[in-house]
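Residue numbers (the working numbering), protein chains in the order written: chain A, 44 to 404; chain B, 451 to 694.
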Amino acid sequence: MDDAIDPTDTPAPENGSARPATGGGRRTSTPAVSCDGVVIRYGDTLAVDRLSFEGRAGQVVALLGPNGAGKTSTVEALEGYRPVSSGSVRVLDLDPRRDHTALVPRIGVMLQKGGVYPMLGSAQVLHLFASYYHDAEDPDHLLDLVGLSAVRRTPWRRLSGGEQQRLALALALVGKPEVLFLDEPTAGVDPEGRIAVRSIIADLADRGICVILTTHELAEAERLADRVVIIDHGRMLADGTPAALASGTADGSIRFSTEPLIDTADLATTLGAGATLEEERPGFYRLQPPPGAATPAVVATLAGWLAERDLALGDLRTGQSLEEAYLAITGSREAADPGAPGAPDGRAGRGSHGLRSRGSR
Amino acid sequence: MRPLVAQLRAEVTMIFTNGETVFLTLGIPVVFLLFFSAVHVLPTGTDHPVDFLVPGILALAIMSTAMTALGIGTGFERGYGVLKRLGSTPLGRPRLLTAKIIAVIAVELLQAVVLVAVGYALGWNPGGAGGALVAAAVLAMVLGTVAFGGIGLALAGTLKPLVNLAVVNALFVILLLLGGMLIPLGKLPGWLEGIAKVLPASALADALHGALGNGTPVSTRDWIVLVVWAVAMPVLAGLTFRWE
């Protein structure tokens, strides 16, 4: 992508470097997007419950949560589709409903589903949408960017799911938005398409666009977002950078695997007073080092103890992934709220393979 | 202006690239006109059925475009989330609606040209239709367009796309049979005729039969029926339309 996607009047992220890695440093300027104590009710159902967060220019904010958590309701309130029952939503310092006409030329929207004329060809739809804006992106360039040049004449209904998502993304970009709302942008997109979508989103943020996206996939949030807002049952459970969220719930424990039924008492003694050891399932152990112990030293002692006994060291990990943090966060809430339904989205992540599949970020 | 022109072009493109719509708006009226002027099975009460058929089928054409094609198209756009998505573009509802109205009128003009041409070719003699009667016929067609458009949008804005498709098509057939377009209302049983007379289809067909057929002015009752439907249905559509 070249500078054809170049919002002319949005501020570049400060300090010149790529994206603000720390979730956008505090700035005195108004946030591009803000939710303040937002409550959304549908009849008796409370979809969003006192949700507050902000997104700044150049920032990618992921609303992460299971299906039905209130993510779409929140995004649609910001897009002006939905009134809020109480609290306030502001986008580019405008009210999404009252100032709708002033706001729509400056935002880009990708709905969770559909939103495109089914009978018109990709290029036709993109040209049509381009005509709505005073200063539109070149549709042919956009088609190229999202990799749909080969299907420029194909009507929407004959595109694959991933192609439909990418066309919807292109349509969201065609008006050169300052704020982009993407509801599940990578759902149904094949791995190659995901990589393309991720790189487009990262590039947009580099150019100072505020991207608000929803996802129920942890890996997506971890890879895409500068800031993750974890929502469940309409409430915010956590808000921070993926790294901060992961370390925030980290308890300093170390996980490793070796043979089952090792002498945990002896190992704990070797590690020093206060160390605890637990075999979570056969061959998989969770080690809580003694207070104040340095992790490298603990790992060295552990490795030495295993070596003496000629035991193999399998999986070894200190710290935790966002996935574990997510499970810890949503799990603790469920523990505190017995009425809440079970697992976040039923993802397989809590099983064996998910915990090890770290993102490359 | 540019968004409106582009939207209008898209609306017209969608109408003419959709085989069903072309069949509905041009195919059916032309085939009916050709068939029933050649095969004298309809109780038109004249030796020269084309004189009865052209005005009636013009009314049918108006109904097929303003109610059926507009209603089905809009229903699917709503079902596909297109209308919702357009809500977050600068296009705006007034321009969207304007584009749809102009597209409907453009299709109707094309229908009128084709049907009148075919009618003349079949020996249609519009009787004593003078300027005033033609003007009355055009006004009746405008009112009919508004009334049928209102019905189509009222259904499209509330029903699921497939239900809407079925209901709009069923309504098309019912109004075709009860509208006096092909079968004179006098042939209906009394109770059914009573119902038929207050429908917009029969008021429009009757107005056109008079103005473009036997040269009689449009009756006050037809005007009242047309105006009532032309006001009531768009208002109903406006009040009930759900964009998503």
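For glycine and all other residues, C-beta sits at the position ideal for the given N, C-alpha and C.
Simplified DSSP assignment, three categories, for residue i
i: A64/A; result: With a pLDDT of only 41 at A64/A, under the threshold of 50, the placement of this residue in the model should not be trusted, and no figure is reported.
i: Q155/A; result: coil
i: A90/A; result: strand
i: R125/A; result: coil
i: S95/A; result: strand
i: D388/A; result: The pLDDT assigned to D388/A is 39, lower than 50, so where the model puts this residue is not dependable; a value taken from the coordinates is nonetheless given after this. Reduced to three states, the DSSP call for D388/A is coil.
i: D178/A; result: coil
i: V568/B; result: helix
i: G665/B; result: coil
i: A75/A; result: coil
i: G573/B; result: coil
i: S131/A; result: strand
i: Y160/A; result: coil
Among the options, nearest to residue i - alpha-carbon criterion
i: Y176/A; options: T690/B, S538/B and F486/B; result: S538/B
i: L635/B; options: G506/B, M451/B, P479/B and V618/B; result: G506/B
i: F691/B; options: G607/B, V568/B, A456/B and T475/B; result: G607/B
i: T114/A; options: E260/A, G335/A and P161/A; result: In the sequence as displayed, the identity of residue 114/A is Lys instead of Thr. Residue E260/A is the option with its Cα nearest to K114/A.
i: R125/A; options: H143/A, D136/A, P109/A and N110/A; result: H143/A
i: V588/B; options: L533/B, V613/B and L662/B; result: L662/B
i: L593/B; options: R452/B, L454/B and I551/B; result: I551/B
i: T460/B; options: A586/B, V623/B, A553/B and F485/B; result: According to the sequence as given, residue 460/B is Ala; it is not Thr. For A460/B, the nearest C-alpha among the options comes from A553/B.
i: V240/A; options: G251/A, A211/A and E221/A; result: A211/A
i: P540/B; options: G218/A, L223/A and A166/A; result: G218/A
i: M591/B; options: G580/B, L625/B, K610/B and L654/B; result: L654/B
i: V232/A; options: L107/A, R209/A and S242/A; result: R209/A
i: Y225/A; options: G158/A, S174/A, P325/A and R84/A; result: One point to set straight first is that residue 225/A is Leu, not Tyr, in the sequence displayed. Nearest C-alpha to L225/A: G158/A.
i: A355/A; options: I243/A, P139/A and T301/A; result: T301/A
i: A604/B; options: W693/B, L649/B, G644/B and G531/B; result: W693/B
i: D178/A; options: R149/A, K156/A, L137/A and E206/A; result: R149/A
i: T624/B; options: P576/B, M513/B and V668/B; result: At residue 624/B the sequence reads Ile, which differs from the Thr that was named. Comparing Cα positions, the closest option is M513/B.
i: Q457/B; options: G101/A, T312/A, V168/A and E263/A; result: V168/A
i: P334/A; options: A166/A, A318/A, E122/A and E367/A; result: A318/A
i: G599/B; options: G665/B, T463/B and T548/B; result: T548/B
i: S203/A; options: S128/A, A230/A and V118/A; result: A230/A
i: S131/A; options: G108/A, D92/A and G151/A; result: D92/A
i: S669/B; options: A586/B, V532/B and Y570/B; result: A586/B
Cβ neighbours of residue i in the same chain (closer than 8 Å, five flanking residues each side left out)
i: L565/B; result: P479, V480, L483, V504, I507, L508 and A511
i: A346/A; result: L356
i: P499/B; result: F486, S487, H490 and L492
i: L186/A; result: S165, A166, L169, S192, R195 and A213
Contact set for residue i: own chain, Cβ-Cβ below 7 Å, skip 5 residues either direction
i: G164/A; result: R195, R196, T197 and P198
i: K637/B; result: P493
i: V596/B; result: A680 and P684
i: V472/B; result: F466
i: H170/A; result: P182
i: G98/A; result: P74, A75, V76, V104, C253 and I255
i: L476/B; result: Q561 and V564
i: P234/A; result: none
i: L474/B; result: S514, T518 and A519
i: R140/A; result: G123 and P126
i: V675/B; result: V648, P650 and A653
i: Q155/A; result: T115, D226 and E227
Rounded Cβ spacing between residue i and residue j (contact assumed at less than 8 Å)
i: A120/A; j: V81/A; result: 6 Å
i: T411/A; j: L280/A; result: Chain A is shown only over 44 to 404; residue 411/A falls outside these bounds and no answer can be derived.
i: L320/A; j: L310/A; result: 6 Å
i: N614/B; j: G688/B; result: Contact flag wrong, Cβ pair sits at about 17 Å.
i: A213/A; j: L191/A; result: 7 Å
i: A112/A; j: G236/A; result: Contact doesn't hold; Cβ gap of about 25 Å is too wide.
i: T257/A; j: V118/A; result: 6 Å
Residue-level contact to chain D via CB, residue i, 8 Å cutoff
i: L603/B; result: The displayed structure is made up of protein chains A and B, and chain D is not among them.
Close beta carbons around residue i, own chain, < 6 Å, minus the five adjacent residues each side
i: L314/A; result: T344
i: R200/A; result: P161
i: L583/B; result: A661
i: I601/B; result: M517 and M683
i: P611/B; result: G525, F526 and G529
i: S95/A; result: C78, D79 and G80
i: H659/B; result: P505
i: E470/B; result: none
i: F502/B; result: T494 and T496
i: L359/A; result: F299
What alpha helix (DSSP H) runs, 4 residues minimum, are completely inside the stretch 627-651 of chain B? Counting only runs of 4 or more, we get 640-647.
Counting only runs that start and end within the stretch 266-337 of chain A, where is the alpha helix (DSSP H) found for 4 or more residues in a row? 285-291 and 307-314
Uninterrupted alpha helix (DSSP H) stretches inside the stretch 164-250 of chain A (no shorter than 4 residues): 165-174, 182-188, 204-216 and 234-249
What runs of the alpha helix (DSSP H), each 4 residues or longer, lie entirely inside the stretch 454-493 of chain B? 469-472 and 478-488
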